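Trainee: Handing you a structure now.
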Amino acid sequence: MLAECLEDAKNGKLLMCVFVFSFISIYIWILNGSVYSSVAQYFGAAREIHTLVSGVMVALLAVVAQRRPSWLDNRLMLVIAVGSSIASCLILLLAIPQENIAFTMIGFVFSGIGNAWSIVLTALSLCALGSM
Numbered sequence: 005m006l007a008e009c010l011e012d013a014k015n016g017k018l019l020m021c022v023f024v025f026s027f028i029s030i031y032i033w034i035l036n037g038s039v040y041s042s043v044a045q046y047f048g049a050a051r052e053i054h055t056l057v058s059g060v061m062v063a064l065l066a067v068v069a070q071r072r073p074s075w076l077d078n079r080l081m082l083v084i085a086v087g088s089s090i091a092s093c094l095i096l097l098l099a100i101p102q103e104n105i106a107f108t109m110i111g112f113v114f115s116g117i118g119n120a121w122s123i124v125l126t127a128l129s130l131c132a133l134g135s136m
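Numbering of the sequence shown is given in my numbering, commencing with residue 5 and proceeding in unit increments.
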């Protein structure tokens with residue numbers, strides 16, 4: 005059992021898993037601590053829309069993985085996720101002070117797109133670990 009853990013650590017699988025979980029933890033902390041509380045005053049449904057978009061994107065990725073796995077190039081998906089996350093940050097930084105519902109919704113859609121790939125990476129990093 006310890007040998008498997010050490011082998012995973014040597015191969016970088018454990019580090020990848022820790023990185024992904026750390027990223028998601030920080031992301032959720034920032035989202036819940038500052039973004040949702042700022043948006044809730046003028047657009048209460050934003051949190052549900054973000055959750056819905058994230059769920060739909062994960063389901064879409066599952067369908068694509070089953071039917072056309074060649075479309076899921078790791079580098080391309082990472083670029084899309086990072087680009088969507090950056091676009092989300094920029095849009096939300098501009099939309100929240102102005103209390104603009106349309107741009108807030110667009111920002112949360114981009115955030116959901118970026119969030120979906122991090123969910124997939126979390127699942128894959130957990131699957132790559134050996135049994136404990």
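The beta carbon of each residue, even a glycine, is placed where N, CA and C say it ideally should be.
All of these numbers come straight from a predicted model, not from anything done at the bench.
Where are the alpha helix (DSSP H) runs, 4 residues long or more, that stay fully inside the segment 57 to 129, in chain order?
Mentor: Counting only runs of 4 or more, we get 78 to 102.
Trainee: What runs of the alpha helix (DSSP H), each 4 residues or longer, lie entirely inside the segment 12 to 54?
Mentor: Fully enclosed alpha helix (DSSP H) runs of 4 or longer: 17 to 34, 40 to 43.
Trainee: Just to confirm, is the Cβ distance from Val57 to Gly111 under 8 Å?
Mentor: Here the question's residue 57 lines up with position 53 in the sequence shown. Here the question's residue 111 lines up with position 107 in the sequence shown. Not in contact: Val57 and Gly111 (Cβ atoms no closer than 8 Å).
Trainee: What is the rounded straight-line gap between the Cα of Ala99 and the Cα of Gly48?
Mentor: Taking the first residue of the sequence shown as position 1, residue 99 is located at position 95. Taking the first residue of the sequence shown as position 1, residue 48 is located at position 44. Those two C-alpha atoms are separated by around 15 Å.
Trainee: As a quick exercise: from Cys131, Val22, Pro73, Val124, pick the residue whose alpha carbon is nearest that of Leu82.
Mentor: Within the sequence shown, the letter at position 78 stands for residue 82. Nearest of Cys131, Val22, Pro73, Val124 to Leu82, Cα basis: Val124.
Trainee: Give every residue of the same chain whose Cβ lies closer than 6 Å to the Cβ of Phe25, excluding the five residues on either side of it in the sequence, and list them in chain order.
Mentor: Here residue 25 is taken as the residue at index 21 of the sequence shown, counted from 1. Excluding positions up to five away in sequence, the list is empty.
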